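Participant: Next up is a structure, given as structure tokens.
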């Protein structure tokens with residue numbers, strides 16, 4: 220279940236705060252991805268757009284998702300097990316679990332997984348993208 224949705228006015232304000240012109244299509248895609256969808260692909264966003272905004276092109280969907288990522292409102296993530304790109308409204312560092320039976324992607328709180336943030340050899344960790352795979356019981 221998604222969290223309480225932002226109003227169109229709040230989405231418009233967030234877009235403006237990110238220096239993004241809040242067009243009707245951008246607001247609609249942002250509302251869908253931020254409020255309704257759960258780790259959607261661009262194709263899933265396009266399918267939603269076809270049902271709600273029949274004249275929205277796939278290029279507009281990709282451009283809008285790219286703008287939302289660049290503005291810091293979404294995180295783009297390529298799944299290593301499928302190669303698909305999904306969009307995550309949780310932009311903080313967190314982990315994911317993929318149910319191999321259903322393909323569903325779940326967010327995991329970082330307290331559920333321990334990962335060393337210090338590495339030997341002079342590496343500096345600036346972010347973490349971790350995907351665990353298995354089956355949900």
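Numbering (the numbering used here), first residue to last: 220 to 356.
We put the CB at the ideal spot given by N, CA and C, even for glycine.
Values in this document were obtained by computation on a predicted structure and should not be read as measured data.
What are the boundary residues of the alpha helix (DSSP H) that residue 277 is part of?
Facilitator: Run containing residue 277: 277-289, per the alpha helix (DSSP H) assignment.
Participant: With DSSP run on the structure shown, which of helix, strand or coil describes residue 321?
Facilitator: DSSP places residue 321 in coil when its eight states are reduced to three.
Participant: Does the Cβ of residue 264 have 16 or more other Cβ atoms within 10 Å, making it buried, or fewer, making it exposed?
Facilitator: Per the 10 Å Cβ criterion, buried.
Participant: For residue 258, is the beta carbon positioned less than 7 Å from some heavy atom of the ligand ATP?
Facilitator: Annotation note on the ligand ATP: not contained in the displayed structure, which lists no ligands.
Participant: Count the other CB atoms, across all protein chains shown, that sit within 10 Å of the CB of residue 315; report buried if there are 16 or more and exposed otherwise.
Facilitator: With 16 or more other Cβ atoms within 10 Å, it is buried.
Participant: Any idea if residue 310 is buried or exposed, counting beta-carbon neighbours within 10 angstroms, 16 or more meaning buried?
Facilitator: Burial call: exposed.
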